[in-house]
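Report on the structure given below.
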Amino acid sequence: MKIFFKKYQFAHSPEGVLFKASEKKKSNGFYFYSPWTSLGQKSIEHLLEDLKMNSFHFVRSFLFKDMYIYRRYLSSKLPSFYNHSFFKDDLIHCSEKYLKLKLTGRFDSDREKIIKLNSNFESLRLDLNFNYSEDEFSVLIDFLQAEQVKIDYIEDPIPWKEESYKKFLDHKFNIVLDQPYNSSKKIIKGLPVIFKPVLHSYFGDRLKEQIFSSNMNGPLSDWHTYCELLHFGNLSLHHGICTNQFDSESSIFSFKKSVNVEKEIVQSIYEKLESLDGWNSL
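In my numbering, the protein residues as written are 30 to 311.
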């Protein structure tokens with residue numbers, strides 16, 4: 030399998046590197062990597078060096094799966110999936126059950142937002158993005174309990190420190206880690222995780238009860254995330270694959286009571302990628 034790469038950027042995503050794998054008598058396989066380095070994801074330069082040194086790298090795995098498995102999905106009926114509601118410029122109402130709410134760390138405005146939206150959904154998923162200190166998080170917890178806010182989980186509440194997160198194993202609310210497979214954060218037994226599959230090739234069955242999440246890298250990555258969900262995940266759960274790219278022109282998703290994949294858009298993405306030139310050999 031020959032591997033090529035080039036700098037590339039999908040609409041509504043950071044610049045990244047696009048990989049192509051070629052084999053005789055096979056459709057090409059593609060994989061796109063666009064890191065959010067502020068969240069601890071590997072830089073493009075680091076990834077390329079790592080890929081040259083490691084023959085079992087997750088990029089090779091994704092290229093193989095795209096070539097031999099995921100493009101075949103386009104010839105069959107694609108099942109829909111459930112996604113939590115979320116905000117872009119306004120509320121994107123995907124589900125009556127869960128709302129994913131990103132908090133800023135400014136307690137007064139976060140509290141107002143929670144009070145305003147709490148009654149509209151069965152439960153909230155709060156993403157704190159490490160914006161609270163331990164003391165500030167204790168104040169937030171006291172507020173949530175006093176207001177009897179129904180919480181499905183709280184994601185990345187405080188800056189990462191293994192000993193601090195071990196305290197959350199028997200917490201009053203479910204505390205989850207976002208993408209510990211892909212950063213310096215360790216997996217702590219008993220602490221649930223949010224899984225971003227496009228950053229970590231995985232073969233196994235222990236993902237059935239995990240929430241799958243997009244890395245917000247554009248439509249090819251969203252397609253791969255969906256394919257990984259089909260392969261390893263649980264379609265009855267509410268996932269986080271639709272994000273603030275949901276209603277952009279390049280989105281592969283449409284929404285009724287559940288989320289559907291538009292195969293024609295996915296196919297057009299592959300056609301565009303096949304037409305690109307200017308590739309570099311790895």
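For every residue, glycine included, the Cβ atom is placed at its ideal position computed from N, Cα and C. Because the structure is a prediction, the values reported are computed rather than measured.
Item                                                                                                        : Value
DSSP-derived helix/strand/coil call for Asn147                                                              : helix
Counted within 10 angstroms of its Cβ, other Cβ atoms place Ser193 as buried (16 or more) or exposed        : exposed
Residues bridged to Ile98 (per DSSP)                                                                        : In DSSP, Ile98 forms no bridge with anything.
Given 8 Å, three or more beta-carbon pairs between the region 96 to 114 and the region 125 to 137           : yes
Validate contact between the region 43 to 61 and the region 297 to 311 using beta carbons, cut 8 Å, 3 pairs : yes
Contiguous beta strand (DSSP E) assignments of at least 3 residues, all confined to the region 72 to 139    : 127 to 131
Whole-number beta carbon distance between Phe159 and Asp137, since they are thought to touch under 8 Å      : Contact doesn't hold; Cβ gap of about 19 Å is too wide.
Boundaries (first-last residue) of the alpha helix (DSSP H) holding Val295                                  : 292 to 303
Contact under 8 Å by Cβ, Leu228 with Asn244                                                                 : yes
Which of helix, strand or coil DSSP assigns to Ile183                                                       : strand
C-beta contact flag for Leu206 and Ile180 at 8 Å                                                            : no
Segment contact, 8 Å Cβ cut-off, at least three pairs: the region 63 to 79 with the region 242 to 256       : yes
Segment limits, alpha helix (DSSP H) that includes Leu258                                                   : 248 to 261
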